[in-house]
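Engineer:
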Amino acid sequence: MDLIAYNVVDIAGPEPRNRHQKETPSMISVPAEPYEFDLDPATTALIVIDMQRDFLQPGGFGEMLGNDVSLLGRVVAPLRRVLDGARATGMLVIHTREGHRPDLADCPPAKLTRGRSATTIGSPGPKGRILIRGEEGHDIVPELAPIEGEVVLDKPGKGAFYATDLELLLRNRSITRLIVTGVTTEVCVHTTVREANDRGFECLVLGDCCGSYFPEFHEVGLKMIAAQGGIFGWVATSQQLLSVLTEGPATPETAARLAAPDPVTADLGA
Ligand code: C5J
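Taking the working numbering, the leading residue of the sequence shown gets 346, the next gets one more, and so forth.
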């Protein structure tokens, strides 16, 4: 089954949009750090980063590197609830998988030799060759398996934009905001958020839907995103998102704020 959505083509690209503009009445406001994150499900994508057996299950790449993979398992339940909520709104869902071609032609030699380990990417493991496309360990854990119509994006690097067509897919769908989840917080999640931020996408990271083998890196990684007024984006919990995603703005005050003309847009005469 081909789950990769290449069928959305807009040669002219989306209309330029002021980033403060409230696009539609379906905007909702998610309580978040450093302040509320406004989104419209129609112009937002949920990105699920690298929830692969190789990172989450015993016998994969994560464990091979000496990590306690059970630390990532706690992400699965809240992420499943977010996935269900996003699917209910019709939001675009994108799953990424870190991995390489069987001949390793897309794997930088530095990535293969880093760590000076005898077992590396491409080595045989209990779940097939480590981080190789098509192998059991490379695929997404069954609880979070993609469904028909969702994008599955194979990436050779840590960031989801590097050497992929992610930006093209997002711009063709007029996506301006990303809800970012997955593993690991300080590696592939952080790299993707930084890449997205530099490309002008607004990112909301769900803390309990991200995980790390190093709890302190997870904590600091989330703080780094929301620090300095949201230098890379926003941070919230799955519950903060779900409380408004399925029910709309929580209070009349929030609804009024979202309906009001944005001061920045108004100043520009838009
Ligand atoms: C790592 C990832 N940690 N998905 N990959 O090597 O974060």
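For glycine and all other residues, C-beta sits at the position ideal for the given N, C-alpha and C.
Fair warning: this is a prediction, and the values are worked out from it, not measured in the lab.
By how many angstroms is the C-alpha of THR526 removed from the C-alpha of CYS554?
Structural biologist: Whole-angstrom Cα-Cα distance: 5 Å.
Engineer: Verify the CB distance criterion: does THR509 have a CB-CB separation below 9 Å to chain B?
Structural biologist: Reference to chain B is not applicable here, since this structure consists of a single protein chain.
Engineer: Rounding to the nearest angstrom, what Cα-Cα distance links PHE559 and TYR380 in this structure?
Structural biologist: If you take the alpha carbons of PHE559 and TYR380, they lie about 27 Å apart.
Engineer: Could you check which residue in ARG518, PRO447, GLY502, LYS503 has the C-alpha nearest to that of VAL496?
Structural biologist: Comparing Cα-Cα distances from VAL496 to each of ARG518, PRO447, GLY502, LYS503, the minimum goes to ARG518.
Engineer: Could you say which of VAL486, ARG446, LYS456, THR465 lies nearest to ALA422 if we only look at CA atoms?
Structural biologist: Per the Cα distances, VAL486.
Engineer: Would you call the segment 421-435 and the segment 459-472 in contact, with 3 or more CB pairs under 8 Å?
Structural biologist: Because the criterion of three Cβ pairs below 8 Å is not met, the segment 421-435 and the segment 459-472 do not touch.
Engineer: Span of the alpha helix (DSSP H) holding SER583?
Structural biologist: Unbroken alpha helix (DSSP H) run through SER583: 583-590.
Engineer: Does the segment 531-541 come close enough to the segment 497-517 to have 3 or more Cβ pairs within less than 8 Å?
Structural biologist: In short, these stretches touch, since the Cβ pair count reaches three.
Engineer: Ends of the beta strand (DSSP E) at LEU442?
Structural biologist: Strictly speaking, residue 442 in this sequence is Arg, with Leu absent from that position. Here the beta strand (DSSP E) through ARG442 covers 437-443.
Engineer: With three or more C-beta pairs closer than 8 Å as the rule, is the segment 455-467 touching the segment 507-514?
Structural biologist: Verdict: no, contact absent.
Engineer: Are there 16 or more other CB atoms within 10 angstroms of the CB of THR465, so buried, or fewer, so exposed?
Structural biologist: The residue is buried, with at least 16 neighbouring Cβ atoms inside 10 Å.
Engineer: Under the three-state reduction of DSSP, which class applies to ILE570: helix, strand or coil?
Structural biologist: Three-state result, ILE570: helix.
Engineer: Go through the segment 507-563 residue by residue and report every complete run of the beta strand (DSSP E) that reaches 3 residues or more, in order.
Structural biologist: Listed in chain order, they are 522-528, 547-556.
Engineer: Return the bridge partner residues of THR389 from the DSSP annotation.
Structural biologist: In the DSSP output, where bridge partners are listed per residue, THR389 has ARG522.
Engineer: I'd like to know if the segment 405-413 and the segment 540-547 are in contact, where contact means that at least 3 CB-CB pairs between them fall below 8 Å.
Structural biologist: No, because fewer than three Cβ pairs between the segment 405-413 and the segment 540-547 fall closer than 8 Å, the two stretches do not touch.
Engineer: At a cut of 8 Å, does the segment 377-391 reach the segment 423-438 through at least three beta carbon pairs?
Structural biologist: Segments in contact, yes.
Engineer: May I have the straight-line CA-CA distance separating LEU428 from ALA490, to the nearest angstrom?
Structural biologist: Cα-Cα distance, rounded: 10 Å.
Engineer: In this structure, does DSSP put LYS456 in helix, strand or coil?
Structural biologist: Three-state DSSP puts LYS456 in a helix.
Engineer: Return helix, strand or coil for PRO487, following the three-state DSSP convention.
Structural biologist: In the structure shown, PRO487 sits in a helix (DSSP, three-state: H, G or I).
Engineer: DSSP on ARG419, reduced to helix/strand/coil?
Structural biologist: Here ARG419 sits in coil by DSSP.
Engineer: Within 10 Å of its beta-carbon, does GLU480 have 16 or more other beta-carbons around it, so buried, or fewer, so exposed?
Structural biologist: Counting Cβ neighbours within 10 Å, GLU480 comes out buried, since at least 16 surround it.
Engineer: Apart from the five residues on each side of it in sequence, which residues of its chain come closer than 6 Å, Cβ to Cβ, to LEU567?
Structural biologist: Closer than 6 Å at Cβ, skipping near neighbours: GLY552, VAL580.
Engineer: Measure the alpha-carbon distance for ALA605 versus MET372 and round it to whole angstroms.
Structural biologist: Cα to Cα, the separation comes out at about 12 Å.
Engineer: The alpha helix (DSSP H) with PHE406 in it runs from where to where?
Structural biologist: Its alpha helix (DSSP H) spans residues 406-409.
Engineer: Rounded to whole angstroms, what's the CA-CA distance from ILE439 to LEU391? Just pull it up for me.
Structural biologist: In a straight line, the C-alpha of ILE439 is about 6 Å away from that of LEU391.
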